[in-house]
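Novice:
Numbering (my numbering), first residue to last: 13 to 373.
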């Protein structure tokens with residue numbers, strides 16, 4: 013039975029100590045007054061969670077549009093937490109690691125999962141290079157791809173690790189194949205209260221090959237619009253269907269392959285190019301941040317370009333040999349610094365606007 017948000021599980025621990033609801037309220041004030049910002053955010057969330065309101069405000073990252081505040085019922089967040097618990101077979105008393113900031117949904121949901129399902133949660137500062145206690149074994153944790161990439165040498169004491177916030181590159185997937193940690197890429201957004209689907213990236217059972225498809229969590233079914241954008245039916249998370257801007261290849265009402273964002277699609281000579289797919293193929297060839305975009309072309313309508321962060325360098329002539337002709341960048345642009353959201357995601361459109369003003373495109 014799924015509990016009420018006010019019922020803190022008797023097995024819940026925070027940094028090794030058990031807390032009642034009243035004790036957590038006291039802890040929240042202590043954390044809010046800490047000189048560490050990441051602790052302030054944890055304290056603020058705990059205080060908001062433990063008040064008498066049935067709902068809570070969550071902010072979107074702003075990576076695909078203006079940041080906005082969404083009000084969610086706390087019970088829906090618990091529903092999400094229990095879907096994750098069921099999928100990954102988490103048990104009360106399992107140890108979990110919080111290494112994401114608690115002012116975004118991913119960090120908040122780690123706290124909710126721990127408090128309501130009885131996990132023993134350790135919290136460390138959410139830096140790129142983490143200080144993970146190697147004497148502990150963790151059953152579950154969540155990171156962004158940049159953290160996983162920077163901590164490949166110290167994540168082996170985490171049994172199950174979910175990765176979200178950005179696409180996991182082919183290069184990083186290759187690097188994790190020998191990890192003891194089982195890594196899952198997640199699909200979700202603030203509007204869906206964290207992830208609604210996951211895809212295993214390594215440690216496959218014999219005779220079960222790696223799949224490109226995401227698998228939906230319990231109680232979630234999937235359809236698509238006429239232009240193949242994903243529609244999420246999640247009655248425990250939302251009163252209505254959630255129509256996304258993500259173009260997918262639907263395999264079933266529970267599985268899909270993600271192709272890219274509809275608003276990023278490039279129509280070059282009548283051929284649709286998904287920038288995210290091209291970026292994936294180039295991820296192990298370019299050792300700095302970049303993204304694929306387009307500019308006007310008199311013949312093609314749009315032509316593919318690549319925007320690279322940092323000082324100008326010379327790429328090898330063979331750099332784009334593995335790409336189809338229509339998806340090969342016709343122009344390379346360099347820009348000193350990408351514009352980002354507060355969570356570090358690249359703001360493609362704003363960076364392109366800055367590029368256009370600089371090059372008068």
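Ideal placement from N, C-alpha and C gives every residue a C-beta, glycine not left out.
What are the start and end residues of each continuous alpha helix (DSSP H) run of 4 or more residues lying completely inside the region 182 to 247, in chain order?
Specialist: DSSP runs (the alpha helix (DSSP H)) wholly in the region 182 to 247: 182 to 187.
Novice: Output the distance between the C-alpha atoms of residue 34 and residue 157, rounded to the nearest integer angstrom.
Specialist: Along the chain shown, read from residue 1 onward, the residue named residue 34 stands at position 22. Along the chain shown, read from residue 1 onward, the residue named residue 157 stands at position 145. Roughly 36 Å separates the two Cα atoms.
Novice: Which of the three DSSP states is assigned to residue 53 in this structure?
Specialist: Taking the chain shown and counting its residues from 1, the one referred to as residue 53 is at position 41. Three-state result, residue 53: helix.
Novice: List, from N- to C-terminal side, the alpha helix (DSSP H) runs of 4 residues or more that fit wholly inside the region 240 to 315.
Specialist: You should have 287 to 294.
Novice: Closest to residue 243 by C-alpha separation, out of 122, 229 and 265, would be which residue?
Specialist: By 1-based counting over the chain shown, the position of residue 243 is 231. Here the closest residue by C-alpha is 265.
Novice: Please give the ranges of any alpha helix (DSSP H) in the region 107 to 140, keeping only runs that are unbroken, at least 4 residues long and fully inside the region.
Specialist: The qualifying runs are 117 to 129.
Novice: For residue 279 and residue 121, I'd like the C-alpha separation in whole angstroms.
Specialist: To locate residue 279, count along the chain shown from 1; it is residue 267. To locate residue 121, count along the chain shown from 1; it is residue 109. Taking the straight line joining both Cα atoms gives about 38 Å.
Novice: Using beta-carbon positions only, say whether residue 126 and residue 114 come within less than 8 Å of one another.
Specialist: In the chain shown, residue 126 corresponds to position 114, counting from 1. In the chain shown, residue 114 corresponds to position 102, counting from 1. It is not a contact, given that the beta carbons lie outside the stated cut-off.
Novice: Considering only residues of the same chain and omitting the five flanking positions on each side of residue 106, which have a CB-CB separation below 6 Å?
Specialist: Within the chain shown, the letter at position 94 stands for residue 106. Excluding residues within five positions, the ones whose Cβ falls inside 6 Å are 131 and 151.
Novice: In chain order, what residues of the same chain have a beta carbon less than 8 Å from the beta carbon of residue 309, not counting five sequence neighbours either side?
Specialist: The residue you call residue 309 lines up with position 297 of the chain shown. Closer than 8 Å at Cβ, skipping near neighbours: 280, 315 and 342.
Novice: Counting beta carbon pairs with one atom in the region 137 to 149 and one in the region 173 to 183, are three or more of them shorter than 8 Å?
Specialist: Counting Cβ pairs under 8 Å, fewer than three are found: no touch.
Novice: Is residue 197 buried or exposed, if buried means 16 or more other CB atoms sit within 10 Å of its CB?
Specialist: Stepping through the chain shown from its first residue, residue 197 is reached at position 185. By the neighbour-count rule (16 or more Cβ atoms within 10 Å), residue 197 is buried.
Novice: If you follow the alpha helix (DSSP H) that residue 97 is in, where does it begin and where does it stop?
Specialist: As a working note, residue 97 is residue 85 in the chain shown. 86 to 100 is the span of the alpha helix (DSSP H), which, as asked, contains residue 97.
Novice: State yes or no: is the C-beta of residue 295 within less than 8 Å of the C-beta of residue 182?
Specialist: The residue labelled residue 295 in the question sits at position 283 within the chain shown. The residue labelled residue 182 in the question sits at position 170 within the chain shown. Going by C-beta atoms, residue 295 is nearer than 8 Å to residue 182.
Novice: Locate the alpha helix (DSSP H) running through residue 34, then write down its first and last residues.
Specialist: Here residue 34 refers to the residue found at position 22 when the chain shown is read from its first residue. Its alpha helix (DSSP H) spans residues 33 to 44.
Novice: In whole angstroms, what separates the C-alpha of residue 270 from that of residue 27?
Specialist: By 1-based counting over the chain shown, the position of residue 270 is 258. By 1-based counting over the chain shown, the position of residue 27 is 15. Computed Cα separation, rounded: 37 Å.
Novice: Give the range of the alpha helix (DSSP H) segment to which residue 160 is assigned.
Specialist: Within the chain shown, numbered from 1, the residue matching residue 160 stands at position 148. Per DSSP, residue 160 belongs to the alpha helix (DSSP H) from 157 to 162.
Novice: What span of residues does the beta strand (DSSP E) with residue 175 cover, start to end?
Specialist: Walking along the chain shown from the start, residue 175 turns up at place 163. Its beta strand (DSSP E) spans residues 170 to 175.
Novice: Just list the residues that DSSP pairs residue 320 with in beta bridges.
Specialist: Counted from its first residue, the chain shown places residue 320 at position 308. Note: residue 320 sits in a beta bridge opposite 302 and 346.
Novice: Going by DSSP, what residues sit across from residue 150 in a beta bridge?
Specialist: Counting from one through the chain shown, the residue named residue 150 turns up at place 138. For residue 150, which the question treats as bridged, DSSP gives the partners 170.
Novice: Can residue 55 and residue 40 be called in contact, C-beta distance under 8 Å?
Specialist: One-based indexing of the chain shown puts residue 55 at position 43. One-based indexing of the chain shown puts residue 40 at position 28. Yes; because the gap between Cβ atoms is below 8 Å, this pair is in contact.
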